[in-house]
Amino acid sequence: MDYLYFPGCTLYTKAKNFDQTARNCSLLLGFELKELKNWTCCGATFPLATDNIMALLPPSRILATAREEGTALTTLCAVCFNVIKRTNRLIKEDGEKRDKINNFIEKNYQGDLQILHYLEILKQNVGFSQLKEKTRKPLAGLKAAAYYGCMLLRPFEEMEFDDKEKPTLFEDFLEALGAKAIEFPYKIECCGSFQSVGSPEVATECAYKILSSALKNGAEAMVSTCPMCTFNIDHKQSDIKQKYSDFKPIPVFYFTQLLGMAMGLDYQTLGFEQNAVDPLPLLKEKGLL
Amino acid sequence: MGENGAFIKRAMVIGGGIAGISASIDLGNGGYEVVLVEKLPSIGGRMLQLSETFPTLDCAQCTLTPKTVETGQHPHIKLLTYSEVDSVQGKAGDFRVRIRRKATYVDWEKCTGCGLCQQKCPSKNPSEFDRAMGLGKAIHTLSPQAVPNKPVINPAHCRYFKEKKCRVCEKICPVGAIDYEQQDRFVEERVGAIITAVGFDLIPKESFGEYGYGDIPDVIDGLAFERLNSASGPTTGEIRRPSDGKIPKEVVFIQCTGSRDPERYMPYCSRVCCMYTAKHARLYKHKVHDGQAYIFYMDIRSTGKGYEEFIQQGMEEEGTLYLRGRVSRIFRDGEKIMVWGVDTLTGKKVEISADMVVLATAIVSQRDTKDLAGKLGIKTDEYGFLTEAQRKLRPVETDVEGIYIAGCAQGPKDIADAVAHANAAASKVQGLFARH
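Protein sequence lines, in the order shown, are assigned to chains A and B.
For the first sequence, the positions run 16 to 304 when this note's numbering is used.
For the second sequence, the positions run 30 to 465 when this note's numbering is used.
Shown next as structure tokens:
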């Protein structure tokens with residue numbers, strides 16, 4: 016089975032490893048990610064102002080194009096997922112905005128696409144118990160912290176991803192891969208997001224709190240669904256280390272990288288060279304290479 | 030109508046909390062016979078769980094026990110505890126109420142209330158009366174001052190019922206009152222009027238994922254804090270947190286937990302939380318002198334007589350720290366409980382590393398109120414509270430003649446208001462009886 020797939024800009028640049036591992040894993044799991052034609056940037060932020068129609072046009076155009084090709088659209092990046100899913104819902108529910116948007120983009124899209132996140136496909140269409148059976152190299156002994164961040168979950172009533180205050184889908188996924196998912200209180204806290212541009216110290220502080228909370232609760236690795244989060248919690252670790260000298264760096268994986276490992280893909284194809292904190296020493300130590 | 034078509038001047042009160050007790054005593058003192066039906070083994074209701082009451086800081090049990098005893102001994106009041114209304118037929122002047130008397134497995138005629146069985150019972154389980162903080166026995170009374178002071182066996186916890194062995198209570202009972210074979214039985218009562226005073230419940234703290242899902246043992250609700258404060262409670266009145274028995278030095282109280290939250294929980298104000306939280310903070314300070322109480326609030330609603338003065342005293346003389354704002358998250362941080370909130374008066378984020386958190390959870394209707402209302406043919410509102418005939422001018426009557434409501438079954442109330450409501454209902458019944 017094929018899934019129409021919207022990669023998003025970052026997955027073509029800084030997060031190539033995220034994109035590639037997801038595509039490779041899907042083939043092993045019996046489905047293919049079919050890339051949407053002529054896609055553009057999703058807009059990267061769902062507009063907070065209710066009259067900001069312009070900011071809704073890029074995701075709307077993506078949705079309208081996707082509807083011409085299929086009935087569902089899959090994303091990997093949590094930010095794209097958020098922007099696209101919320102725009103889709105708005106088009107479906109707000110007739111006035113729908114008409115305005117359609118006038119602008121010269122389409123007639125009604126908001127009837129199903130927006131999926133890759134993790135949802137793994138849960139609903141593959142099934143975590145099936146997934147567990149398909150793993151060839153379970154990640155036994157790896158204590159991993161599932162970091163949701165904001166975008167997968169919030170706003171709760173629009174994203175409808177999992178339990179609003181205490182989600183477990185991501186942990187269930189890690190357990191299916193054979194890892195030990197550790198619980199930590201910062202798992203749905205904000206990574207600092209775009210503050211890393213204007214007030215980098217704010218984002219560094221957010222990342223520090225998240226990482227130290229995970230470390231305190233026994234995590235050996237962080238797992239992310241979002242290039243934005245990954246930038247803040249992985250690439251910012253050098254800044255954290257400068258500020259907090261006793262900080263112990265911790266590798267940050269995209270969930271598809273761990274999926275690839277568990278599915279038995281050669282680690283050299285998993286794009287670890289793009290990870291800021293080198294995960295290889297940990298994987299060696301755990302006997303997972 | 031009665032045997033010869035006469036209007037039966039005998040009343041039933043459903044619910045033996047402070048409202049039901051007050052109405053029963055009024056009617057009994059008025060010379061009318063009353064049947065008081067209570068689903069728990071003894072009367073007293075929620076008030077019996079409380080430690081001290083606002084704004085006077087009277088001991089709840091000291092003020093209530095004379096009332097429960099009076100009810101138990103009143104020549105005109107017939108107590109049917111551990112009983113539930115099964116069906117209701119008839120109309121004002123002649124209601125026929127079928128009542129299920131639940132099996133207690135103890136012959137109350139023989140039982141002298143000596144309490145030996147409770148001492149010797151080997152099965153200890155979390156006590157519902159103590160909000161699962163203390164342990165109760167499988168054979169138990171609700172409190173040492175229970176009226177009637179007769180125990181019941183909870184078959185879900187009793188070793189004999191579960192494993193067919195034990196029978197310790199049977200062996201120890203000096204009067205042979207234990208009867209494992211007892212069955213539920215039904216009785217019919219004929220009355221001319223019914224007062225429904227079935228009280229309230231609290232929204233479960235497990236509803237609040239952001240506050241720890243009920244999996245942090247030191248996040249408790251207001252009634253649990255009452256039990257911690259109570260001399261008859263699991264800590265005999267010492268403030269010790271449930272997880273490790275340590276005395277908490279920093280306690281955070283959160284008002285409006287589930288109240289005034291139309292998007293997610295109850296849109297209404299539960300009316301008593303501002304006052305009882307202020308009381309909690311003061312009682313805490315009276316017992317833990319070097320402790321600090323923080324209260325997160327939305328507004329302070331202290332509209333009763335002496336209430337505002339009570340709040341001010343807490344702030345000015347007892348050092349309660351009020352923070353206007355909501356709490357977004359609570360989680361465990363080692364032995365501490367991290368509380369994240371906001372102080373909207375300064376606009377600053379607040380983080381408190383607390384030892385215990387008390388949630389002033391919303392007052393909700395009892396789960397079975399709707400069912401009972403169906404049997405009585407009266408209405409409930411969208412939240413399950415009983416609907417009065419007219420919001421302002423007929424606050425204790427219902428749409429059915431001869432059926433009245435009293436206390437928190439109609440909506441959240443404090444004790445004073447519940448008692449006034451019950452007095453009004455009793456007076457309405459006496460008026461009805463006087464007209465016939």
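Even for Gly, the Cβ is constructed at its ideal location relative to N, Cα and C.
Being a predicted model, the structure only gives us computed values, none of them experimental.
>> At 3 residues or longer, what runs of the beta strand (DSSP E) sit wholly inside the stretch 118–174 of chain A?
In response: Qualifying beta strand (DSSP E) stretches, in chain order: 129–132, 158–161.
> Since C195/B contacts P151/B with CB under 8 Å, what's their CB separation in whole angstroms?
Replying inline: 7 Å between Cβ atoms; contact.
>> Since T225/B and I392/B should fall inside the 8 Å C-beta cutoff, what is the C-beta to C-beta distance between them, to a whole number of angstroms?
In response: The Cβ separation is near 17 Å, so there is no contact.
> The beta strand (DSSP E) spanning E62/B covers which residue range?
Replying inline: Start and end: 62–66.
>> On the CB-based measure, 16 or more other CB atoms within 10 Å of its CB, does Y351/B come out buried or exposed?
In response: So Y351/B counts as buried.
> Are G126/A and I99/A touching if we call contact CB-CB under 7 Å?
Replying inline: Contact: no.
> For G358/A versus C57/A, is the C-beta spacing smaller than 7 Å?
Replying inline: With chain A running from 16 to 304 in the structure shown, residue 358/A is simply not present.
> Taking Cβ positions, are A383/B and I366/B nearer each other than 7 Å?
Replying inline: In this structure, A383/B lies near I366/B, with their beta-carbon atoms less than 7 Å apart.
> Name the chain A residues whose beta carbon is nearer than 8 Å to that of Q417/B?
Replying inline: Here residue 417/B turns out to be Glu, not Gln, going by the sequence shown. Within chain A, no residue comes near E417/B; the closest Cβ sits about 34 Å away, beyond 8 Å.
>> Under DSSP, the beta strand (DSSP E) around G119/B begins and ends at which residues?
In response: Per DSSP, G119/B belongs to the beta strand (DSSP E) from 112–120.
> Leaving out five residues before and five after V292/A in sequence, what residues of the same chain have Cβ atoms less than 8 Å from its Cβ?
Replying inline: Correct list, in chain order: D249, Q252, P264, I265, P266, V267.
>> Is the beta carbon of I37/B closer than 7 Å to that of G101/B?
In response: Between G101/B and I37/B, the C-beta gap is not smaller than 7 Å, which leaves the two residues out of contact.
>> Suppose you measure from the CA of G262/B to the CA of K179/B; what does that come to, to the nearest Å?
In response: G262/B and K179/B: Cα-Cα distance of roughly 19 Å.
> Name the DSSP beta bridge partners of A40/B, please?
Replying inline: DSSP, once it has assigned bridges, lists V63/B, A222/B as partnering A40/B.
>> Since R38/A and L51/A should fall inside the 8 Å C-beta cutoff, what is the C-beta to C-beta distance between them, to a whole number of angstroms?
In response: About 13 Å separates the two Cβ atoms, so there is no contact after all.
> Taking the runs of the beta strand (DSSP E) that are 3 residues or longer, which of them lie wholly in the stretch 368–426 of chain B?
Replying inline: As far as the stretch 368–426 of chain B is concerned, its whole beta strand (DSSP E) runs of at least 3 residues are 377–383, 385–390, 392–394.
>> Taking contact to mean 3 or more Cβ pairs, one atom from each stretch, closer than 8 Å, check whether the stretch 272–281 of chain B and the stretch 211–226 of chain A are in contact.
In response: No, the stretch 272–281 of chain B is not in contact with the stretch 211–226 of chain A.
> Checking contacts by CB at 7 Å: is G238/B closer than that to chain A?
Replying inline: At a cut-off of 7 Å between beta carbons, G238/B contacts chain A.
> So is S260/A buried or exposed if we call it buried at 16+ other beta carbons inside 10 Å?
Replying inline: With fewer than 16 other Cβ atoms within 10 Å, it is exposed.
> Grouping DSSP H, G and I as helix and E and B as strand, with all else coil, what is K181/A?
Replying inline: Coil.
> For I283/B, which residues of its own chain have a beta-carbon under 6 Å away from its beta-carbon, when the five flanking residues on both sides are left out?
Replying inline: F325, V356, L388.
> Quick one: is F325/B near chain A, going by C-beta distance under 7 Å?
Replying inline: Output row for F325/B: interface = no.
> Under a CB-based cut-off of 7 Å, is F360/B close to chain A?
Replying inline: F360/B counts as touching chain A.
> DSSP on N58/B, reduced to helix/strand/coil?
Replying inline: Helix, per DSSP.
>> With three or more C-beta pairs closer than 8 Å as the rule, is the stretch 129–139 of chain A touching the stretch 196–212 of chain A?
In response: The stretch 196–212 of chain A makes no contact with the stretch 129–139 of chain A; the number of CB pairs closer than 8 Å stays below 3.
> Is R188/B helix, strand or coil by DSSP?
Replying inline: Helix.
> Of the residues T245/A, T271/A, S227/A, L273/A, which one's Cα is nearest the Cα of K256/A?
Replying inline: Proximity to K256/A across T245/A, T271/A, S227/A, L273/A peaks at S227/A, based on C-alpha coordinates.
>> Going by beta-carbon coordinates alone, are F83/B and F462/B separated by less than 7 Å?
In response: No, these two residues do not count as a Cβ contact at 7 Å.
> Any C-beta of chain E sitting closer than 7 Å to the C-beta of P200/A?
Replying inline: No chain E is part of this structure, whose protein chains are labelled A and B.
> What residue does the beta strand (DSSP E) around Y323/B start on, and which one ends it?
Replying inline: For Y323/B, the enclosing beta strand (DSSP E) stretches over residues 321–326.
>> Cβ closer than 8 Å: which chain B residues qualify as neighbours of E108/A?
In response: At a beta-carbon threshold of 8 Å, none of the residues of chain B lie near E108/A; the nearest stands roughly 17 Å away.
> What's the call for G45/B, buried or exposed, on a 16-neighbour Cβ count within 10 Å?
Replying inline: A buried status is given to G45/B, since no fewer than 16 other beta-carbon atoms sit within 10 Å of its beta-carbon.
> Do the CB positions of S112/B and I128/B come within less than 7 Å of each other?
Replying inline: Yes.
>> Let's test the definition: count the other Cβ atoms within 10 Å of the Cβ of N258/B and tell me whether it reaches 16, buried, or not, exposed.
In response: A buried status is given to N258/B, since no fewer than 16 other beta-carbon atoms sit within 10 Å of its beta-carbon.
>> Strictly below 8 Å CB to CB, what residues from chain B border K179/A?
In response: Residues of chain B passing the Cβ test: G238.
>> Looking only at its chain, what residues have a beta carbon closer than 7 Å to the beta carbon of A132/B, apart from the 5 residues adjacent to it on each side?
In response: Contacts found: Q211, Q212, D213.
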